[in-house]
Structures are given as C-alpha cells and as structure tokens.
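Engineer: Handing you a structure now.
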Amino acid sequence: GGGGSRAVEQGVYMAADLAADLDKLLAALGGAWLVLTLLRRATASREAAAVADGSAAPSDTAEALRRLQWQYLPAWLLFKAADWMQGPYFHEVYASKRHVATGEPFSDTDVSRLFLAGFVAATLVGTAAGSLVDSRGRRAGCVLYAAAAGAAAASVVCERPELLLAGRVVGGIGTSLLAAAPEAWLCAEHARLSLPAASLGGIFGWAYFGDSLVAIASGQVASRAASAGGPQAPFLASLPLLAAGAAIASATWRENRGGKGGGGGGGGLREGASILLRRPGLLSLM
Numbered sequence: 020g021g022g023g024s025r026a027v028e029q030g031v032y033m034a035a036d037l038a039a040d041l042d043k044l045l046a047a048l049g050g051a052w053l054v055l056t057l058l059r060r061a062t063a064s065r066e067a068a069a070v071a072d073g074s075a076a077p078s079d080t081a082e083a084l085r086r087l088q089w090q091y092l093p094a095w096l097l098f099k100a101a102d103w104m105q106g107p108y109f110h111e112v113y114a115s116k117r118h119v120a121t122g123e124p125f126s127d128t129d130v131s132r133l134f135l136a137g138f139v140a141a142t143l144v145g146t147a148a149g150s151l152v153d154s155r156g157r158r159a160g161c162v163l164y165a166a167a168a169g170a171a172a173a174s175v176v177c178e179r180p181e182l183l184l185a186g187r188v189v190g191g192i193g194t195s196l197l198a199a200a201p202e203a204w205l206c207a208e209h210a211r212l213s214l215p216a217a218s219l220g221g222i223f224g225w226a227y228f229g230d231s232l233v234a235i236a237s238g239q240v241a242s243r244a245a246s247a248g249g250p251q252a253p254f255l256a257s258l259p260l261l262a263a264g265a266a267i268a269s270a271t272w273r274e275n276r277g278g279k280g281g282g283g284g285g286g287g288l289r290e291g292a293s294i295l296l297r298r299p300g301l302l303s304l305m
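Take 20 as the starting number for the sequence shown in my numbering and just add one per residue.
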C-alpha cells in the first residue's frame with residue numbers, strides 16, 4: 020500500500036523531471052536555430068551588398084546555399100543527438116544484463132567482448148564505408164545508418180548474449196556509416212550546385228556548432244531518461260530521433276553517388292597491412 024504509493028509518486032516526479040528536461044532541450048534547440056536565423060539574415064544582408072557592388076555571386080547562389088544548409092543541418096543534428104544519447108550508457112546497460120541460463124550478471128569480460136565486437140565491426144566496415152556509400156548512394160547510407168543504429172538501440176532490451184552481440188556488430192557498422200555518409204553527401208551536393216568552395220566550410224562550422232549544443236542537451240535528456248526508466252531508456256528515446264532524421268533525409272536529400280574510378284577500400288587495407296609487415300615495430304605504438 021504505502022510502498023506502492025511512494026513508488027507511483029516517485030514515478031510521477033521523475034516523469035515531470037523528464038518533461039522539464041525535454042522542454043530545456045527544445046528551448047536549447049530553439050535558441051540555436053534563432054541564432055542561426057539571425058546570423059543567416061545578417062549574412063544575407065552582406066551578400067546583397069556584395070552583389071550590388073559586383074564582388075559576389077548572384078542571389079540564386081546565395082539562395083541555393085541557404086537551401087542546402089537547411090536540408091543538411093536538421094537531419095545531421097538529429098542523427099548526432101541520437102548518437103550522443105546512446106554513447107554514455109553502453110557499459111551500464113550491458114553490465115545490468117544477466118545470463119539467461121545461470122542468472123549470473125554479466126562480468127567485465129562479457130561486457131568487454133561486446134564492446135570489442137562493435138569496435139571490430141566499425142574497423143572492418145570503416146575501411147570500405149566510403150566506397151560503399153559512393154557506389155550505393157550517400158543518402159541511402161544515411162538511411163542505412165539510422166536503421167542500423169535503431170536496431171542496435173532496440174537490441175539492448177534483449178537478454179540473450181547472442182542478440183546483444185549482434186546488436187553491437189550492427190551498431191559498429193552504423194558508426195562507420197555515420198562517419199562516412201552524411202558529410203560525403205554534403206560535399207557532393209555542394210559540388211553539384213557549383214557553390215563557392217569557401218561556403219562549404221561555413222556549413223561544416225554551423226553543423227559542429229549545432230552538434231556541441233545538441234551534445235549538451237542530449238546528455239541532460241538521456242540522464243533523466245535513465246533515471247526514470249533505467250539504462251535502456253536513453254537508447255529507446257533515441258529511436259524517434261533516428262526515424263525523424265532518416266525521414267528528413269529521404270524526403271529532402273537528392274541521392275548522389277561517387278565516380279566509377281574511386282576503387283574500393285581493400286586497396287588501402289592491403290597497403291596498410293603491407294607497411295606493418297615491413298615495419299613490425301609500428302605495432303608497439305598501437
């Protein structure tokens with residue numbers, strides 16, 4: 020009776036705290052976009068003045084640049100928010116698991132094996148991720164990242180070690196795709212639109228400025244989610260962010276691919292192995 024009431028009351032307070040943190044996240048994102056909007060207007064005014072005196076490109080170029088920014092940034096920041104929410108809780112969520120057969124909690128060795136599986140998958144796929152997204156499509160690579168990261172996040176509710184292991188492998192693949200696909204898409208689209216080379220750095224600047232804000236806000240929300248629902252909660256809370264990012268990319272990004280002469284990731288891997296064979300002393304630095 021009394022214990023159940025206290026538990027319900029505590030749950031209500033935790034839910035209220037989580038809602039307050041979600042409000043803070045929305046406020047932080049809203050503030051970031053307000054700053055971006057004001058700076059965009061200031062930039063537009065300077066561009067207009069430069070066009071008037073003949074020292075800048077026409078307004079069509081400026082408009083294309085702004086459109087590209089607003090295509091790329093929302094999807095990118097949603098992907099990064101999901102990634103930031105998951106990162107701090109991998110060890111805690113795996114350490115909370117128990118072996119189905121024995122009921123024994125996962126040991127540090129068990130958790131280490133799961134981490135190692137993810138790192139190995141990211142390393143192996145990372146050598147070919149660039150070539151993969153170039154040939155299959157960079158937008159498709161971003162959507163595949165969201166699917167892989169979502170599957171990995173959903174796997175943390177499982178108790179069977181083999182399913183957790185599969186989730187970490189898929190998550191490692193997703194990590195490689197996140198590092199390769201979105202920025203490759205942006206660079207290719209920027210080149211297709213024949214935008215000024217210097218403007219690409221500006222987009223990346225805004226992307227990583229927004230990422231720093233998203234990292235802080237996502238960490239706060241994930242902390243409250245973990246307090247309310249356990250270490251699995253941040254992973255499950257990241258699923259809507261991944262879905263939204265994939266939906267935006269699918270709806271607003273034009274697919275682009277690389278040239279046919281890019282080769283594959285195997286050449287670089289073979290070259291690296293050859294160097295290590297010739298100079299085994301390099302292994303001592305790893």
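C-beta: ideal position from N, C-alpha, C; glycine also.
Hey, is the region 107-118 in contact with the region 229-245, meaning 3+ C-beta pairs nearer than 8 Å?
Structural biologist: These segments touch.
Engineer: Considering only their Cβ atoms, is the gap separating glycine 264 from phenylalanine 125 smaller than 9 Å?
Structural biologist: If you number the sequence shown from 1, residue 125 lands on position 106. If you number the sequence shown from 1, residue 264 lands on position 245. Result no, Cβ atoms of phenylalanine 125 and glycine 264 do not sit closer than 9 Å.
Engineer: Can at least three beta-carbon pairs, one atom from the region 114-124 and one from the region 221-239, be found at a separation below 8 Å?
Structural biologist: No: fewer than three Cβ pairs fall under 8 Å.
Engineer: Have a look at Gly106, Gly50 and Asp79 and flag the residue whose alpha-carbon is nearest the alpha-carbon of leucine 212.
Structural biologist: Position 193 of the sequence shown holds residue 212. The shortest C-alpha separation from leucine 212 is found at Asp79.
Engineer: Buried or exposed for isoleucine 267, going by 16 or more other Cβ atoms inside 10 Å?
Structural biologist: Residue numbering aside, residue 267 sits at position 248 when the sequence shown is read from its first letter. Isoleucine 267 is buried by the Cβ-count criterion.
Engineer: On the premise that serine 195 lies in contact with glycine 277, defined as a C-beta separation below 8 Å, what is that separation, rounded to the nearest angstrom?
Structural biologist: Translated into the one-based positions of the sequence shown, residue 277 becomes position 258. Translated into the one-based positions of the sequence shown, residue 195 becomes position 176. Their Cβ separation, rounded to whole angstroms, is 16 Å, which puts glycine 277 and serine 195 out of contact at 8 Å.
Engineer: If I follow the unbroken alpha helix (DSSP H) through tyrosine 108, where does it start and stop?
Structural biologist: As a position in the sequence shown, residue 108 is number 89, starting the count at 1. Counting along the chain, tyrosine 108 falls outside any alpha helix (DSSP H), and DSSP gives it neither H nor E.
Engineer: With a 10 Å radius around its C-beta and 16 neighbouring C-beta atoms as the bar for buried, classify phenylalanine 138 as buried or exposed.
Structural biologist: Reading the sequence shown from its first residue, position 119 is the one you call residue 138. Per the 10 Å Cβ criterion, exposed.
Engineer: Can you find the residues in the same chain that come closer than 6 Å, C-beta to C-beta, to leucine 84, ignoring five residues on each side of it along the sequence?
Structural biologist: Walking along the sequence shown from the start, residue 84 turns up at place 65. Leu214 and Ser218.
Engineer: So which of Pro201, Phe254, Leu87 and Pro250 has the shortest CA-CA distance to glycine 156?
Structural biologist: Translated into the one-based positions of the sequence shown, residue 156 becomes position 137. Looking at the Cα atoms, Pro201 is the closest of the given residues.
Engineer: Looking only at its own chain, which residues have a Cβ that is under 6 Å from the Cβ of alanine 141, when we skip the five neighbours before and after it?
Structural biologist: Position 122 of the sequence shown, counting from 1, holds the residue named residue 141. Only Gly191, Thr194 and Ser195 meet the Cβ criterion.
Engineer: What do you get for serine 174, buried or exposed, if any count of 16 or more other CB atoms within 10 angstroms of its CB means buried?
Structural biologist: The count along the sequence shown starts at 1 and reaches residue 174 at position 155. Label assigned to serine 174: buried.
Engineer: Hey, could you find the ends of the alpha helix (DSSP H) histidine 209 is sitting in?
Structural biologist: Looking up residue 209 in the sequence shown gives position 190. From DSSP, the alpha helix (DSSP H) with histidine 209 extends over 180-211.
Engineer: Taking only three categories from DSSP, how would you classify valine 162?
Structural biologist: Walking along the sequence shown from the start, residue 162 turns up at place 143. Residue state, collapsed to three classes: helix.
Engineer: Quickly, what does DSSP pair arginine 85 with across the bridge? List them, please.
Structural biologist: Along the sequence shown, one-based indexing puts residue 85 at 66. DSSP, once it has assigned bridges, lists no residue as partnering arginine 85.
Engineer: According to DSSP, is proline 124 part of a helix, a strand, or is it coil?
Structural biologist: Within the sequence shown, the letter at position 105 stands for residue 124. Strand, per DSSP.
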